[in-house]
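2 protein chains.
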Amino acid sequence: MKFWNSTLRSMDEYIPGEQPSNLDEYIKLNTNENPFPPSEKVMKAIIENVTPNLRRYPDSKASRVRAIFAEQNNISPENIFVGNGSDEIFTLIFRGFIEKTGLAAFPYPSYALYDTLAQGNGIKFKKIAMDKSLTVDMDKFLEEKYDMVIIANPNNPTGTYISTARIKHFLTNFKGLLVVDEAYIDFYGGSAIGLINEYDNIIVTRSFSKSYSLAGLRVGLAIANGDIIKGLLKIKDSYNVDALALAGAEAALLDTRSFEYNISMLRNNKEYLEERLSSMGFEIIPSRANFVFTKHPSIDSKMLYEKLKEEKILIRYFSGPIQSEYVRISIGTMMEIKKLCQAIASILEGV
Amino acid sequence: MKFWNSTLRSMDEYIPGEQPSNLDEYIKLNTNENPFPPSEKVMKAIIENVTPNLRRYPDSKASRVRAIFAEQNNISPENIFVGNGSDEIFTLIFRGFIEKTGLAAFPYPSYALYDTLAQGNGIKFKKIAMDKSLTVDMDKFLEEKYDMVIIANPNNPTGTYISTARIKHFLTNFKGLLVVDEAYIDFYGGSAIGLINEYDNIIVTRSFSKSYSLAGLRVGLAIANGDIIKGLLKIKDSYNVDALALAGAEAALLDTRSFEYNISMLRNNKEYLEERLSSMGFEIIPSRANFVFTKHPSIDSKMLYEKLKEEKILIRYFSGPIQSEYVRISIGTMMEIKKLCQAIASILEGV
């Protein structure tokens, strides 16, 4: 690894959820993909944009996506940035808004990519362990001088949620930059977007991968003070989001009816899964996302994950303290949930 | 700009070529976009991939694109990386393969994005001025200890080319990392890809934006030693290229017939433009790309650019030493070239 620099050498590799090549043989409830297809209008809009104009560079400012989101959320386009998935936005935040000598902090357990991206940009960080109730105690982020705090809200993998009032209270005492990753916010609402007009030190990020069923398209948003957005525009690659992803995102935002239907179906299936799991004796952490974080008193979580994998059902198991006690199960279609619950029932019978 | 870090504060903004919002009113010969549409098979392949599966994450390893390119070029998939345009690849190279204390070098004039990206990643660099013949003297990159040298080959904006033999000779004396940006290589051939088997310190990059008419799709490749590729895979965002871009790139590589036809049309139009410009008294730098770098003894280049813009024809003018003497004209369709030449003839009559 002769040409790797010290940053690349010292970083850990991020391991995304398994994507088996024989995907169609599996029920895949391990990466929080939405079980329902994207809206027909989105697919139509993308297809309509597959034209000779693909020879041209896309709109580097993503003007239409920003205008639509701004109008729908009663903010200005100058407060919105469009990224190649919210992953790219986190990378840009680490590159542009914290010094190499700075210190970041995230709760633990949370989205493991924050660790990887911080390492990949040479940023030091601390992980603040949650207590046994698996909620984030924001006060702990005030105990030391952190330049940046990132929270996922709802949190991944726990599904737990912090109220906007609580975040607002935190901001009144916090001098660094707070990043609120709202990849899962659409399922049950409660966004902190409104705080950007009041505080210049909050960046809210969004994703089209979950609630819009567009993980394959790679679109994410950052919503923040105009100076932050200017910085993101300055440091990003010129053409970071492709023309078809922009077309899809525009149509997705405009088709509010499909969006709401998708969300209501998802919530319906989540409630059904929670009921079934409860009735089988699972302990379920209250989730406001499209997944549940759960454990059963009579089966080890890693064993449950492995036995389900043998049945061609993928759920997510994370090693490490606290989280290894649980499994994370993404919400699937009703048929997938029923098959999962049958398989779990059989496994429980055997223990 | 309270939260901007020192890197973001000190970098210059990259100014891409003008993309007027009333695009259709212009003949646009300023950003080296291919004037011909992408292959029908590519458009069909993309449309076929607009399915409910867009709800799923794309293949994070881009396995099929790598397999196809590997087979066509008689190298291994382990030597190939797929990026969100070659722009992303340059960013990743700056992030992973040079220390913050390192020194990079590029020729001048060359692709201005290298400067921006180096600055945006806190990397110091020197620009080595070309002589009046506008060719790169590689020996100048041996006069100081550079950790990384980036050359565009053919060079942008000059169109000049360095032979593989010359690059090979350079590598026998150079201990740093050489990046050869082959965004324009397909038009006249002469790639340095073959050197990756012999030297572990060369990265060749490619783009689908020019020769494949897919600037709107954002796909680029890096070809290098397996250790370099492993590093790029480690430091990239998990899902950096979206599912439709991957589908388009696969189809583009496979449709060699359309590719060759596109290239031959482009060369034909380029030769025609060169003849017409010559006959009007222009001096033309020998170009192996889809643009020409040219100047006229009796009209200032900036004035020519401005007068053509009044006629709704966009060509590229760069300020700065040497290059401000010239304009860069991307090769258009035959109709666009004829209109351009008519407009130039009128302008020359007036001076």
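Heads up: the sequence lines are chains A and B, in that order.
By my numbering, the letter at position 270 of the first sequence is numbered 270, and the numbering carries on one by one without gaps.
By my numbering, the letter at position 30 of the second sequence is numbered 30, and the numbering carries on one by one without gaps.
Positions of the beta carbon are idealized from the N, C-alpha and C atoms, including for glycine.
Cutoff 8 Å: residue i Cβ touching any chain A Cβ
i: Tyr57 of chain B; result: yes
i: Val180 of chain B; result: no
i: Asn201 of chain B; result: yes
i: Thr160 of chain B; result: no
i: Asp24 of chain B; result: no
i: Lys2 of chain B; result: yes
i: Ala245 of chain B; result: yes
i: Asn240 of chain B; result: yes
i: Tyr146 of chain B; result: no
i: Thr333 of chain B; result: no
i: Gly220 of chain B; result: no
i: Ser76 of chain B; result: no
i: Asn79 of chain B; result: no
i: Glu252 of chain B; result: Note that residue 252 of chain B is Ala in the sequence shown, not Glu. So, not an interface residue.
Cutoff 8 Å: residue i Cβ touching any chain B Cβ
i: Met138 of chain A; result: no
i: Lys124 of chain A; result: no
i: Leu142 of chain A; result: no
i: Lys33 of chain A; result: First, the residue type needs correcting, since residue 33 of chain A is Glu and not Lys in the sequence shown. With 8 Å as the cut-off, Glu33 of chain A counts as an interface residue toward chain B.
i: Met265 of chain A; result: no
i: Gln323 of chain A; result: no
i: Leu348 of chain A; result: no
i: Lys234 of chain A; result: yes
i: Gly226 of chain A; result: no
i: Val50 of chain A; result: yes
i: Leu177 of chain A; result: yes
i: Asn53 of chain A; result: yes
i: Met130 of chain A; result: no
Spatially closest choice to residue i from the options, by CA coordinates
i: Ser211 of chain B; options: B:Asp200, B:Asp227, B:Met265; result: B:Met265
i: Arg218 of chain B; options: B:Asn197, B:Leu23, B:Ala252; result: B:Ala252
i: Tyr108 of chain B; options: B:Leu233, B:Thr160, B:Ala67, B:Pro58; result: B:Thr160
i: Leu246 of chain B; options: B:Asn32, B:Phe69, B:Glu198, B:Asp87; result: B:Phe69
i: Asp181 of chain A; options: A:Asp137, A:Lys175, A:Ile162, A:Tyr199; result: A:Ile162
i: Asn22 of chain A; options: A:Tyr261, A:Ile313, A:Tyr114, A:Leu103; result: A:Ile313
i: Ser324 of chain B; options: B:Met1, B:Ile46, B:Asn34, B:Pro157; result: B:Pro157
i: Lys145 of chain B; options: B:Ile223, B:Gly176, B:Ile93; result: B:Gly176
i: Thr333 of chain A; options: A:Ala224, A:Glu311, A:Thr135, A:Phe291; result: A:Phe291
i: Leu277 of chain A; options: A:Lys338, A:Glu311, A:Ala224; result: A:Lys338
i: Asp24 of chain A; options: B:Gly189, B:Pro321, B:Gly216, B:Arg56; result: B:Arg56
i: Leu340 of chain B; options: B:Gly281, B:Asn34, B:Lys28, B:Ala289; result: B:Lys28
i: Arg316 of chain A; options: A:Tyr114, A:Gly17, A:Ile196, A:Met1; result: A:Gly17
i: Pro58 of chain A; options: B:Ser213, B:Arg328, B:Asp300; result: B:Ser213
Residue i, buried or exposed, once every other Cβ within 10 Å from all chains shown has been counted against 16
i: Ser330 of chain B; result: buried
i: Ile15 of chain A; result: exposed
i: Asn30 of chain B; result: buried
i: Asn49 of chain A; result: buried
i: Thr256 of chain A; result: exposed
i: Glu250 of chain B; result: buried
i: Ser86 of chain B; result: buried
i: Asp139 of chain B; result: exposed
i: Gln72 of chain A; result: exposed
i: Gly83 of chain B; result: buried
i: Thr294 of chain B; result: buried
i: Val351 of chain B; result: exposed
i: Thr101 of chain B; result: exposed
i: Tyr184 of chain A; result: buried
i: Ala345 of chain B; result: exposed
i: Tyr239 of chain B; result: buried
i: Ser63 of chain B; result: exposed
i: Gln342 of chain B; result: exposed
Which residues DSSP lists as bridging residue i, in chain order
i: Arg206 of chain B; result: B:Leu221
i: Tyr243 of chain B; result: The sequence shown places Ala at residue 243 of chain B, rather than the Tyr named in the question. The partner list for Ala243 of chain B (beta bridge, DSSP) is empty, contrary to what the question assumes.
i: Asp181 of chain A; result: A:Ala152, A:Thr205
i: Pro107 of chain A; result: A:Ile128
i: Lys362 of chain B; result: Since the first residue shown for chain B is 1 and the last is 351, residue 362 of chain B is missing from the structure and cannot be characterised.
i: Glu48 of chain B; result: BP columns for Glu48 of chain B are empty, so no partner.
i: Val82 of chain A; result: A:Leu221
i: Glu328 of chain A; result: Position check: residue 328 of chain A holds Arg in this sequence, whereas Glu was assumed. The partner list for Arg328 of chain A (beta bridge, DSSP) reads A:Phe293, A:Arg316.
i: Glu283 of chain A; result: A:Lys295
heavy atom of the ligand ADP below 7 Å from residue i C-beta
i: Asp255 of chain A; result: As for the ligand ADP, it is missing from this structure, which has no ligand bound.
| message | Does the stretch 165-177 of chain B come into contact with the stretch 144-155 of chain B, if we say contact requires no fewer than three beta-carbon pairs (one atom in each stretch) closer than 8 Å? | response | With a cut-off of 8 Å, the stretch 144-155 of chain B and the stretch 165-177 of chain B count as touching, because enough Cβ pairs lie within range.
| Taking contact to mean at least 3 C-beta pairs separated by less than 8 Å, is the stretch 97-111 of chain A in contact with the stretch 124-144 of chain A? | Output reads yes: the stretch 124-144 of chain A touches the stretch 97-111 of chain A.
| query | Would you say the stretch 299-308 of chain B touches the stretch 1-14 of chain B, given that touching needs at least three Cβ pairs under 8 Å? | reply | A contact between stretches requires three or more CB pairs, one per stretch, nearer than 8 Å, and the stretch 299-308 of chain B fails this requirement with the stretch 1-14 of chain B.
| Just checking, does the stretch 221-241 of chain B make contact with the stretch 39-46 of chain B on the three C-beta pairs under 8 Å criterion? | No: fewer than three Cβ pairs fall under 8 Å.
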